[in-house]
Amino acid sequence: MKIASFNINGIKARMPRLLEWLEETRPAVACLQEIKTQDEGFPADEFHKLGYHAIWHGQKGFNGVAILADGSTPVEIRRGLEGEPEDEHARYLEADIFGVRIACIYLPNGNPVPGPKFDYKLRWMERLRTRMREIAAEEVPALVIGDFNVIPFDHDVWSPAAMADDALMQPQSRDAYARLLGDGWSDALALHNPNGGVWTFWDYQAGAWQRDHGFRIDHALLSPELADRLVACGVDKAYRGREKASDHAPVWVQLRRD
DNA sequence: ATGGCTTTAAAATAAAGA
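Just remember that the working numbering sits 1242 ahead of the position in the first sequence, which is counted from 1.
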C-alpha cells in the first residue's frame, strides 16, 4: 500500500499534472498541500472519475490541504490544530483510511526571521507536537505526512550557507522537528537515506531545478506501530521537471498491509 | 537581488511562498 504526499502549489493550475501523477503512480492515499482554493472550488468530480474519494480543507487564495483515497472515503477525525482558536489557516487534516491514521499537514513557512510569521511557525510546531503525542498515546498505526517546511540537517540542502538565514533551517525549527522524532516518530526518508542528498523541493527561481539546487522539506513520520511496516519510500523526482510543474515533487512510503 | 519565478485574487499590482 503506497501513501503519497504532494505539495501541488495551486490545484487549479496543477490539475493536468496532478491527474496524470495519480494515474501513473496510483497511490492508495494521496495527501495534498497548498491546494489554494476555497472548499466550493475543490474539483472532487475530477478525482471521482479516477476512482478517488476525497476530503478537503480549503481557504481563499493560499494554504489548503486534502486527502484522497482510492476507492474509499477517508473518515475525517479533525481539521485544524487546537490551542489557537483565532488561527484560520487551513493547514491540518486528519483521517482514518485503510486502517491507518493519517494527518496531512502544511506547516507554516515562517519567513522572514525574526518576525511574527516565524513565531507563528514555532507555535504551530508545538501545537502539532501536542496533537502527535495524543495520536501516539492511542497506539494506532499512524502517519503524519506533508510539507513540514523544515530542513532537518545540513545534508538535506544543496547549500547550507545559501539557506543559513532561512526559517526552514533555523536551530529553533530543527529543534522542534527533532522533538517530534524524540517522541518516537520515524522519518521514513531519513531512515532510508542516512547520507542525505535527497531533495523534495526546487525553487522556481535562479535555475534551481536545472542546477539541482534543492532541499528536503516534505516528510513522512511513522508511529512506532507503523514503522515496522515500512518497506520502501522515495521521491517522484521526475514530476518536478514536467511542464507547469509544482515546485515540490511528490514523496511516498510503501507499507506492508496488515 | 529587501528577489532572479509562480499562483491567486482581481483588475494593476500585491501577498505569499521557501
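The C-beta atom is built at its ideal place from N, Cα and C for all residues, glycine as well.
Remember, predicted model here, so these are calculated numbers, not experimental data.
Give me, in chain order, the residues of the same chain whose beta-carbon lies closer than 8 Å to that of residue i; leave out the 5 immediate sequence neighbours on both sides.
i       : result
Gly1426 : Ala1378, Ser1465 and Pro1466
Ile1318 : At residue 1318 the sequence reads Glu, which differs from the Ile that was named. Closer than 8 Å at the Cβ level, and outside the excluded window around Glu1318, lie Ile1297, Leu1335, Glu1336 and Ala1337.
Trp1263 : Phe1248, Asp1478, Tyr1481 and Pro1492
Lys1486 : Ala1255, Arg1256, Pro1258 and Arg1259
Take the Cβ of residue i as the centre, count every other Cβ of all protein chains shown within 10 Å, and call the residue buried at 16 or more, exposed below.
i       : result
Ser1401 : exposed
Arg1484 : exposed
Asn1226 : Because the chain spans 1243 through 1500 in this model, residue 1226 falls outside it and cannot be assessed.
Ala1222 : As shown, the chain starts at 1243 and ends at 1500. That puts residue 1222 outside it, with no answer to give.
Thr1372 : exposed
Glu1276 : buried
Pro1269 : buried
Tyr1348 : buried
Asp1460 : buried
Asp1312 : buried
Leu1292 : exposed
Leu1274 : buried
Pro1327 : exposed
Ala1509 : Outside the displayed span of the chain (1243 to 1500) sits residue 1509, for which this structure offers no information.
His1434 : exposed
Ala1403 : exposed
Sorted by chain position, which residues of the same chain lie with C-beta nearer than 6 Å to residue i's C-beta, five sequence neighbours on each side aside?
i       : result
Arg1320 : Glu1336
Gly1352 : Lys1359, Phe1360, Lys1363 and Ala1409
Asp1281 : Gly1300
Leu1310 : Ala1272, Phe1289, Tyr1294 and Ala1296
Met1367 : Ala1418
For the beta strand (DSSP E) that contains residue i, what are its first and last residues?
i       : result
Gly1388 : Ala1384 to Asp1389
Ser1247 : Lys1244 to Asn1249
Glu1336 : Tyr1334 to Ile1339
Ile1377 : Unbroken run through Ile1377 is the alpha helix (DSSP H), Pro1358 to Glu1380; no beta strand (DSSP E).
Glu1318 : Val1317 to Arg1321
Ala1469 : Premise fails: Ala1469 lies in the alpha helix (DSSP H), Pro1466 to Ala1469, not in any beta strand (DSSP E).
Ile1459 : That residue, Ile1459, is in no beta strand (DSSP E); it is neither H nor E in DSSP.
Leu1274 : Val1271 to Gln1275
Using 6 Å as the cut-off, classify the Cβ of residue i as near or not near the heavy atoms of the ligand NAD, replying yes or no.
i       : result
His1295 : Absent from the structure shown: the ligand NAD. Ligands present: none.
Between residue i and residue j, which are expected to be in contact by the criterion C-beta below 8 Å, what is the C-beta distance as a whole number of angstroms?
i       : j       : result
Gly1300 : Thr1267 : Gly1300 to Thr1267, Cβ: 24 Å. No contact.
His1295 : Thr1315 : 4 Å
Quick one: give me the first and last residue of the alpha helix (DSSP H) that residue i is part of.
i       : result
Asp1287 : Ala1286 to Lys1291
Leu1264 : Ile1253 to Thr1267
Between residue i and the rest of its own chain, which residues show a CB-CB distance below 7 Å, the 5 nearest in sequence each way excluded?
i       : result
Val1355 : Asp1407, Ala1409 and Gln1412
Leu1422 : Arg1371, Met1374 and Leu1463
Self-check item: Residue ranges of each alpha helix (DSSP H) within the segment 1394 to 1447, 4 or longer
Solution: 1413 to 1424 and 1430 to 1434
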